[in-house]
Amino acid sequence: MVAQFTNSVIWYFLYSTSSARDHATLFSARNFLNARGVSKEPMKNINAATELLDNYTDALIIAATLEFFGMNTIEDQPKEHTFHMMNMDPYVYVNDTMKTLVKKFAIHEGPELRTVQIKCDTCGKEYRRVATLRKHIREKHEGTMAHQSADKDAIFNYSCGALSLCLVLRNFVDA
Numbered sequence: 001m002v003a004q005f006t007n008s009v010i011w012y013f014l015y016s017t018s019s020a021r022d023h024a025t026l027f028s029a030r031n032f033l034n035a036r037g038v039s040k041e042p043m044k045n046i047n048a049a050t051e052l053l054d055n056y057t058d059a060l061i062i063a064a065t066l067e068f069f070g071m072n073t074i075e076d077q078p079k080e081h082t083f084h085m086m087n088m089d090p091y092v093y094v095n096d097t098m099k100t101l102v103k104k105f106a107i108h109e110g111p112e113l114r115t116v117q118i119k120c121d122t123c124g125k126e127y128r129r130v131a132t133l134r135k136h137i138r139e140k141h142e143g144t145m146a147h148q149s150a151d152k153d154a155i156f157n158y159s160c161g162a163l164s165l166c167l168v169l170r171n172f173v174d175a
């Protein structure tokens, strides 16, 4: 069941060899972690694919947590969503904070992973594929704030969608 979910859902949405140079993608993580045993057919080496997904999920959780608390490294002190012992109930703080974190990153209300039409925010031109939109932005809007913002938004939305799928998989494994 887990292997089927991995193969049919996660790999369909997240694993693309064309995303090797994109930040935060599953394929770029595969290359960074030197997981050469993982291919576009995860069933060929399900153990390597599962290990990659475990490491990728951990990295997404850490990245989301650092972003949420306004931290640059795990050694930093939180700058946002801080706990104040004198005037906060620890149970309420943890409960509310985790709800907010999960809602922002795992139940993200960004665009769907695959949509029929994707619109350029700068000029309004529509595309069927994210890769084609990115190419358009690089060629027509490079160097503009729209270009930088589109890249940052795309990474954030992809990462949130990836985190959601990976947490569903982790829930299957733990069940």
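Once you know that position 4 of the sequence shown is 4 in the UniProt record's numbering, the rest is easy, because the numbers rise by one and skip nothing.
Beta carbons are placed, not taken as given, at the ideal position from N, Cα and C, and that holds for glycine.
{"Query": "For ILE137, count neighbouring Cβ atoms within 10 angstroms of its own Cβ and tell me buried if that reaches 16, exposed if not.", "Result": "buried"}
{"Query": "Taking the alpha-carbon positions, what's the ALA162 to LEU14 distance?", "Result": "7 Å"}
{"Query": "Between which two residues does the alpha helix (DSSP H) carrying VAL38 extend?", "Result": "Note, VAL38: premise wrong, no alpha helix (DSSP H); not H, not E."}
{"Query": "How big is the Cα-Cα spacing for residue 206 and LYS140?", "Result": "The chain is shown only over 1 to 175; residue 206 falls outside these bounds and no answer can be derived."}
{"Query": "Three-state secondary structure (DSSP) at GLU126?", "Result": "strand"}
{"Query": "Does the beta-carbon of ALA49 have 16 or more other beta-carbons within 10 angstroms, so that it is buried, or is it exposed?", "Result": "buried"}
{"Query": "Shortest alpha-carbon distance to ASN171 belongs to which of ASN34, ASP54, ASP22 and SER39?", "Result": "ASP54"}
{"Query": "Would you grab the beta carbon distance between VAL38 and LEU60 for me? Rounded to a whole angstrom, and I think it's under 8 Å.", "Result": "With a Cβ gap of about 17 Å, VAL38 and LEU60 do not count as contacting."}
{"Query": "Considering only residues of the region 68–113, which uninterrupted alpha helix (DSSP H) runs meet the minimum length of 4 residues and lie entirely inside it, listed in chain order?", "Result": "90–105"}
{"Query": "Taking the alpha carbon of LYS104 as the point to measure from, which residue in ASN87, ALA29 and THR65 has its own alpha carbon closest?", "Result": "THR65"}
{"Query": "Compute the Euclidean distance between the alpha carbons of ASN157 and THR100, then round it to the nearest angstrom.", "Result": "17 Å"}
{"Query": "MET43: which of ILE10, HIS108, ASP174 and MET98 sits nearest, CA to CA?", "Result": "ILE10"}
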